[in-house]
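The numbering of the sequence shown is our numbering, which starts it at 995 and goes up by one.
Ideal Cβ positions, reconstructed from N, Cα and C, are used throughout, including at glycine.
Report on the following structure.
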Amino acid sequence: MSNDKNKPNEIDEATGVQTTGHEWDGIKELDNPMPRWWLWTFIASIIFAVGYVIYYPAIPLIDGSTMGISGETNRSLLKQETQIANQKRAEKFALLDKTPLLDIQKNDALNRFAVRGGKSLFKVNCVQCHGSGASGGPGYPNLNDDEWIWGGDLEAIYTTIAHGARNGEDDDERVSEMPAFGRDEILNRKQIASAAEYVLKLSGQDHDAAIALQGAVIFEENCTSCHGETGLGGRELGAPSLADAIWLYGGSREEIISQISTPKSGVMPPWKARLGEGAVKQLTIYVHSLGGGENTKVE
C-alpha cells in the first residue's frame, strides 16, 4: 500500500539517487532524470512536427485543409502523374489507330505496347468465353492453335474482333448459319444418323463403314456447299473443318447427331464499337501472338 505520510525527499542508500518521497509497500520511487538522448529526440520530434505542419497540408478545415508552404498533396501528385500517363497513352493509341497491323508487328516498341495492352483487354473482355488461357471451351474456339473458323492472319482476326459474329448489331459481322436438318425436317433421323457416321469417318474416329457409305451421299447433297467435299470446311462461310479432332460442340456420335439436328451457334459482340480502334488492334496483335497466328499476305 502507499504510504500516506508525506515524507521529505531522501537519498536512496543503494543508488545514491534522491527519492520522490513516494513509497508503495516498501518500494521507493527514485527521481532519476530522463536520458539525454531521449530528451533530444523528443525535442527534435516536436521541431519536426511543427515544420511538417508549416510545410505540408496538415490541419483539417471544413472545406479541405491548410495547404502549407509546399502546396502539394498526394492527390495533386496523383492527378499530375495520371495526366502524364493518360497523355502518353493517348499518343500511343493515336499511333496505333493510324498504323497498319503489319507495321505494328514490325515496330518492337509499338508491338510490345499492343501485346501488353491486348493481354489486359483480353482478361477483362474475353476470358468469360475463351478462358483465361485462351484455350476456349464448349462452344468457344481455342485461340492458341492454328485451327481458325474465319482465318488466322492479322486482317482476319481484326475483322472478327472488330465486328463480331451473329450479334445483330454490326452490318459487317461474321455470319454463318447451319440449317436445322432435324428440327426443320429437312432430313429424317436415319439420314441424320448416316450423315453423322460419315462425319465420324472424316474425323478418323471409329465408325460403321456401311452406314458411313450411305451418309457420304447425304453429306454430298446437303453439306459440301459449306464444309467442302472432304469436310475441310470453308473460311469464307465460317464453316469449320470436320476432318480433324477439334470440335466446338463435341465430336461423339451423339453430339454430332445433335448438332446436325438442332445446331448451336455462338455470338460474339462487335468490340470496335465498344472499345475503339486502338483497343481492337491491341487485341488483334495479342491473339495473333498466342501461337496460332498465320502470316499476313502482303499484296
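Buried or exposed: where does D998 fall if 16 or more other Cβ atoms within 10 Å of its Cβ makes it buried? Note that D998 scores a pLDDT of 48, beneath 50, so its modelled location is shaky; the value from the coordinates is reported in the next line. Taking all protein chains in view, the Cβ of D998 is surrounded by fewer than 16 other Cβ atoms within 10 Å, so the residue is classified as exposed.
Let's see if you can read the secondary structure: which residues bound the alpha helix (DSSP H) around G1112? Unbroken alpha helix (DSSP H) run through G1112: 1102-1119.
What span of residues does the alpha helix (DSSP H) with H1282 cover, start to end? Per DSSP, H1282 belongs to the alpha helix (DSSP H) from 1271-1282.
Close Cβ partners of Y1049 (< 6 Å) along its chain, the five nearest in sequence each way excluded: The residues G1062, I1063, S1064, in chain order, have a CB closer than 6 Å to that of Y1049 in the same chain once the five nearest residues on each side in sequence are set aside.
Is there contact here, the segment 1187-1194 with the segment 1246-1254, by at least three beta-carbon pairs under 8 Å? Yes, the segment 1187-1194 is in contact with the segment 1246-1254.
How about E1288: is its Cβ closer than 6 Å to a heavy atom in the ligand MN? With respect to small molecules bound, the structure shown includes none, and the ligand MN cannot be examined in it.
Could you give the DSSP three-state label for Q1012: helix, strand or coil? Here Q1012 carries a strand assignment [DSSP, helix/strand/coil].
Classify R1083: buried if its beta carbon has 16 or more other beta carbons within 10 angstroms, exposed otherwise. Flag for R1083 reads exposed.
Rounded straight-line distance, which links the Cα of G1272 to that of D1091: So the alpha carbons of these two residues sit roughly 5 Å apart.
Y1243 by DSSP, collapsed to three states: which one? Of the three classes helix, strand and coil, the one that applies to Y1243 here is coil, per DSSP.
Which of helix, strand or coil does DSSP assign to D998? Caution applies to D998, whose pLDDT of 48 falls short of 50 and renders its modelled position unreliable; the value that the coordinates give is listed next. Coil, per DSSP.
Can you list, in chain order, the residues of its chain with a C-beta nearer than 6 Å to that of T1014? Leave out the 5 residues immediately preceding and following it. Cβ neighbours of T1014 beyond the five flanking positions: E1023, D1025.
In this structure, how does DSSP classify A1189 when only helix, strand and coil are distinguished? In this structure, A1189 counts as helix in the three-state DSSP scheme.
Counting only the same chain and skipping the five closest in sequence on each side, list residues whose C-beta sits under 6 Å from that of G1227. Here the set comprises H1221, A1233, P1234, S1235.
Do V1261 and N1161 have their C-beta atoms within less than 7 Å of each other? With a cutoff of 7 Å on beta-carbon distance, V1261 and N1161 are scored as near each other.
Please classify K1291: is it buried, with 16 or more other beta-carbons within 10 angstroms of its beta-carbon, or exposed? K1291 is exposed by the Cβ-count criterion.
Cβ distance (whole Å) where D1147 is taken to contact E1288 below 8 Å: Confirmed, Cβ separation roughly 5 Å.
Quick one: Cα of A1128 to Cα of S1059, how far? In a straight line, the C-alpha of A1128 is about 50 Å away from that of S1059.
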